[in-house]
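Report on the structure given below.
Number of protein chains: 2
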Amino acid sequence: MPPSLSDRLTESILGIIREGGLRPGDAIPSARELAKRFAITTPTVREALRKLEATGAVEFRHGSGTYVGPTINNVVLANPHRPPITRESVLQLISARLVIEPVVAAQSAVARQPENLDRLEAAVTNALVPPGGPAFALNFHVELAAASGNPLLQEVLASLLKVRVREQQQIRALYDNRERDHEEHQAIVEAVRAQDAVRAERLTREHLDNIRQAVESAPEFS
Amino acid sequence: MPPSLSDRLTESILGIIREGGLRPGDAIPSARELAKRFAITTPTVREALRKLEATGAVEFRHGSGTYVGPTINNVVLANPHRPPITRESVLQLISARLVIEPVVAAQSAVARQPENLDRLEAAVTNALVPPGGPAFALNFHVELAAASGNPLLQEVLASLLKVRVREQQQIRALYDNRERDHEEHQAIVEAVRAQDAVRAERLTREHLDNIRQAVESAPEFS
DNA sequence: TTGGCTAAGTGATTTAGTCAGTTTGTGAGT
DNA sequence: ACTCACAAACTGACTAAATCACTTAGCCAA
Chain A
0 MPPSLSDRLT ESILGIIREG GLRPGDAIPS ARELAKRFAI TTPTVREALR KLEATGAVEF
60 RHGSGTYVGP TINNVVLANP HRPPITRESV LQLISARLVI EPVVAAQSAV ARQPENLDRL
120 EAAVTNALVP PGGPAFALNF HVELAAASGN PLLQEVLASL LKVRVREQQQ IRALYDNRER
180 DHEEHQAIVE AVRAQDAVRA ERLTREHLDN IRQAVESAPE FS
Chain B
0 MPPSLSDRLT ESILGIIREG GLRPGDAIPS ARELAKRFAI TTPTVREALR KLEATGAVEF
60 RHGSGTYVGP TINNVVLANP HRPPITRESV LQLISARLVI EPVVAAQSAV ARQPENLDRL
120 EAAVTNALVP PGGPAFALNF HVELAAASGN PLLQEVLASL LKVRVREQQQ IRALYDNRER
180 DHEEHQAIVE AVRAQDAVRA ERLTREHLDN IRQAVESAPE FS
């Protein structure tokens with residue numbers, strides 16, 4: 000089964016982006032322009048662009064243009080069409096994080112890189128901004144993975160945590176533990192800064208265990 | 000900015016699939032049927048379906064129909080539009096796996112579940128089938144994660160390893176270590192079966208370290 | 001300088017149709 | 001009764017030519 004025209008088109012458009020050295024935020028040629036260039040019609044171009052949109056490779060801005068998306072260089076992604084959250088899936092998520100995050104924290108402690116530590120600090124302080132604040136607040140757990148120096152680990156954690164944002168408000172409404180979170184985050188940062196991998200790992204495990212207990216003790220949510 | 004018609008449409012189609020209890024492989028209504036049902040036109044429906052196709056939520060079969068895809072219930076995905084492989088990205092991948100997989104193996108050892116162990120055994124033996132064999136061969140490392148009992152860990156590993164298939168042939172051509180792999184896989188399985196988490200973790204780390212050394216000592220590839 | 005208007009460019013969607021595969025059932029031939 | 005060939009009927013793939021909606025930039029007047 001030969002790849003469809005739409006498939007080849009997505010590859011061609013990605014080629015335009017990559018060979019052109021375009022980065023997230025840059026504009027790509029308009030749909031009409033692409034249609035003319037490939038000698039096809041606009042609906043076909045739009046199908047290809049929609050596929051790229053689904054994976055965050057491009058973004059549409061009505062009336063303005065089409066732009067390179069933030070996750071075009073990602074290797075793994077959070078499924079934008081993932082199933083709705085259930086209590087079970089939340090606990091599964093925390094279990095998975097309990098396996099992965101402590102060793103990632105340990106890795107960050109040994110691979111300490113000054114510039115990433117700064118971002119980690121910022122994430123800790125951002126955590127105390129009131130809800131409704133800027134949406135681009137750094138996420139502590141994602142930055143903790145970023146401090147490992149391996150962008151893949153950051154992607155994995157970011158993808159896993161994107162699931163959470165849907166229900167973040169619900170959980171916070173049930174159990175607002177932001178102050179406690181903040182203290183525990185700060186302790187982890189100190190361990191990472193001290194390059195104490197064992198302590199960073201233990202503190203992260205305890206931190207996530209606390210979160211799990213909070214969720215387990217919370218009543219049902221939709 | 001209100002969600003576009005296309006966005007709402009993808010959600011509606013997902014609703015049809017989920018409320019209808021459809022599972023991967025099942026057929027969904029034809030594009031014309033969906034267009035009629037939502038009182039819109041087929042190009043619009045196709046855009047929405049293409050978005051779902053990009054994430055593996057649906058699959059097209061020309062002349063036959065549209066079907067529910069294999070990854071519709073995934074939380075994380077391998078980016079189908081990921082950037083081309085480089086030597087650096089391969090080493091990054093192995094580094095990330097070196098962080099994650101050993102603890103996952105340890106988790107599988109403690110969470111031992113008989114039925115998953117059977118699949119793990121099958122994956123080990125499948126590894127020796129000659130190249131060109133069935134494409135649906137179980138992957139040892141994915142099944143090792145599946146044995147942890149947490150489907151999220153399986154998804155993460157499967158997504159990370161999907162990157163590898165593109166270059167798998169290249170690596171194998173440069174350094175065919177299937178027999179050695181097989182021995183090491185078998186040793187890991189035995190540790191898991193014995194519920195020896197510490198040994199499973201150590202063996203997995205050593206195994207990945209060997210792979211890393213093989214890649215590092217290999218000459219450049221495109 | 002500021003404000004509002006306008007025109008060009010862009011995405012969003014429609015309408016109507018053709019082409020190209022797949023599936024299924026029917027009927028002729030055995 | 002069985003089998004094979006073939007013809008609908010259904011499906012996705014794509015085209016063609018518009019119109020609507022939104023954004024941006026420029027211009028002009030207050």
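These protein sequence lines map, in sequence, to chains A and B.
Each residue of the first sequence is one higher than the last, beginning at 0 in numbering that gives the first Met the number 0.
Each residue of the second sequence is one higher than the last, beginning at 0 in numbering that gives the first Met the number 0.
Where a beta carbon is used, it is the ideal one built from N, C-alpha and C, also for glycine.
Please read all numbers here as calculations on a predicted model, not as lab measurements.
- The C-alpha of E46 of chain B is placed about 49 Å away from the C-alpha of A190 of chain B.
- In this model, T40 of chain B and L4 of chain B are separated by some 12 Å (Cα to Cα).
- Within the region 11-99 of chain B, the complete beta strand (DSSP E) runs of at least 3 residues fall at 57-60, 64-67 and 75-77.
- From the beta-carbon of T85 of chain A, no residue of chain B is found nearer than 7 Å; the closest lies around 12 Å away.
- Taking the Cα of P79 of chain B as reference, the smallest distance to any Cα among A:T70, A:R81, A:E178 and A:E87 is reached at A:T70.
- If you draw a straight line from the Cα of Q106 of chain A to the Cα of I12 of chain A, it comes to about 37 Å.
- Contacts between I99 of chain A and chain B, judged by CB atoms closer than 9 Å, involve V98, I99, V102, V103, L152 and V155 in chain order.
- A157 of chain B carries a helical assignment under DSSP once its states are collapsed to helix, strand and coil.
- Close CB contacts of L207 of chain A within its chain, under the 8 Å cut and outside five residues either way in sequence, are with I93, R96, L97, E100 and P101 (chain order).
- Within chain A, the residues V98 have their CB atoms less than 7 Å from the CB of Q106 of chain B, given in chain order.
- Look at the beta carbons and you see the region 149-164 of chain B not touching the region 178-194 of chain B: under three pairs across the two are nearer than 8 Å.
- Taking P23 of chain B as the centre and dropping the five residues before and after it, the same chain places the C-beta of V67, G68, P69 and I71 closer than 7 Å to its C-beta, in chain order.
- Within the same chain, and ignoring the five residues on either side of A26 of chain B in sequence, the residues whose Cβ sits closer than 6 Å to its Cβ are G64 and Y66.
- Cα atoms of D180 of chain B and L160 of chain B: separation of roughly 16 Å, rounded to the nearest angstrom.
- Within 10 angstroms of the beta-carbon of H61 of chain A lie fewer than 16 other beta-carbons, which makes it exposed.
- Approximately 19 Å separates the beta-carbon atoms of V74 of chain B and L143 of chain B; this is outside 8 Å, ruling out the contact.
- V44 of chain B places its beta carbon 7 Å or farther from that of L51 of chain B.
- A Cβ-Cβ separation of about 6 Å places T54 of chain A in contact with L76 of chain A under the 8 Å criterion.
- Restricting attention to B:A108, B:I84, B:I15 and B:A38, the CA atom closest to the CA of Q194 of chain B is found in B:A108.
- Residue contact check for V214 of chain A against chain B: no CB pair falls below 7 Å.
- A110 of chain B is positioned such that its CB atom lies closer than 7 Å to that of G148 of chain B.
- Following the DSSP letters along the chain, one finds R111 of chain A in no alpha helix (DSSP H), marked with neither H nor E.
- According to the DSSP assignment, S216 of chain B belongs to the alpha helix (DSSP H) that extends over A196 to S216.
- For S3 of chain B, the three-state secondary structure derived from DSSP is coil.
- Of the residues assessed, A38 of chain A falls on the exposed side of the cut-off, its CB having fewer than 16 other CB atoms within 10 angstroms.
- By the criterion of a C-beta distance shorter than 7 Å, N176 of chain A is surrounded in its chain by A213, once the five residues flanking it on both sides are discounted.
- Neighbourhood of E52 of chain A in chain B, by CB distance below 7 Å: K50, in chain order.
- Your pair P42 of chain B and P42 of chain A checks out as a contact, with CB atoms roughly 4 Å apart and the cut at 8 Å.
- Shown here for G19 of chain A: not one same chain residue has a beta carbon closer than 6 Å to its own, the five before and five after excluded.
- Annotation for V123 of chain A: F139, H181, H184, Q185 and V188 place their beta carbon closer than 8 Å to its own, counting only its chain and skipping 5 residues before and after.
- At least one beta carbon of chain B lies nearer than 7 Å to the beta carbon of P42 of chain A.
- Residue environment: T85 of chain A is assigned as exposed (fewer than 16 neighbouring CB atoms within 10 Å of its CB, all protein chains considered).
- Within chain A, Q91, S94, A95 and V98 have C-beta atoms less than 8 Å from the C-beta of N149 of chain B, given in sequence order.
- In the assembly as shown, R36 of chain B is an exposed residue. Its beta-carbon has fewer than 16 other beta-carbons within 10 Å.
- Chain-order list of chain B residues neighbouring R31 of chain A: empty, with the shortest C-beta distance near 15 Å, by a criterion of under 8 Å.
- Neighbours of N115 of chain B in chain A, taken as residues at a C-beta separation under 9 Å, are lacking, since the least C-beta distance is about 15 Å.
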